[in-house]
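Using the working numbering, you'd call the opening residue of the sequence shown number 151 and step up by one each time.
We treat Cβ as the ideally placed atom computed from N, Cα and C, and that holds for glycine.
Structure, as structure tokens:
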Amino acid sequence: PNLRLIQGKFVYELIPAQANKGLAIKEVLAHLNQYEVYTPIFIGDDVTDEDGFYFVNQVEDGISIKVGQGLTYAKYQLKDTKQVHNFLELFLEHIRNYDHNVKGNNNLDGEKTCLN
Numbered sequence: 151p152n153l154r155l156i157q158g159k160f161v162y163e164l165i166p167a168q169a170n171k172g173l174a175i176k177e178v179l180a181h182l183n184q185y186e187v188y189t190p191i192f193i194g195d196d197v198t199d200e201d202g203f204y205f206v207n208q209v210e211d212g213i214s215i216k217v218g219q220g221l222t223y224a225k226y227q228l229k230d231t232k233q234v235h236n237f238l239e240l241f242l243e244h245i246r247n248y249d250h251n252v253k254g255n256n257n258l259d260g261e262k263t264c265l266n
């Protein structure tokens with residue numbers, strides 16, 4: 151097979167020449183057949199994540215977040231993993247409030263909201 155090598159901060163990725171994280175996200179959404187229902191959120195901290203950021207930006211309401219500084223395709227940036235943790239806590243709180251208040255559902259399983 152035709153392979154390419156991508157060097158990240160602490161990783162080398164050897165992948166098929168035509169593959170990248172953006173295409174992987176596209177395949178997942180296509181498999182779910184839910185482009186209009188799901189809002190993809192992609193968080194990454196390396197140059198190897200840029201294809202993912204770029205693709206997620208093409209999806210309506212897609213959220214791309216780079217952790218750390220530097221040029222990026224990501225729409226948003228967080229300083230470090232502590233800020234990622236805080237973001238995810240706030241996001242989970244939002245999902246729980248949405249489930250409870252908007253849907254009238256007492257289910258507090260945020261994963262269920264994300265994956266249904």
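Taking the Cα positions, residue 167 is about 27 Å away from residue 210. Annotated as distal: residue 194 and residue 161, with beta-carbon spacing of 8 Å or more. Inter-residue distance for residue 165 and residue 213 is about 25 Å (C-alpha atoms, whole angstroms). If you check the CB distance, residue 222 and residue 200 come in under 8 Å.
Secondary structure remark: continuous alpha helix (DSSP H) runs of at least 4 residues inside the region 164 to 199, in chain order: 171 to 182. The Cβ-Cβ distance between residue 196 and residue 225 does not fall below 8 Å.
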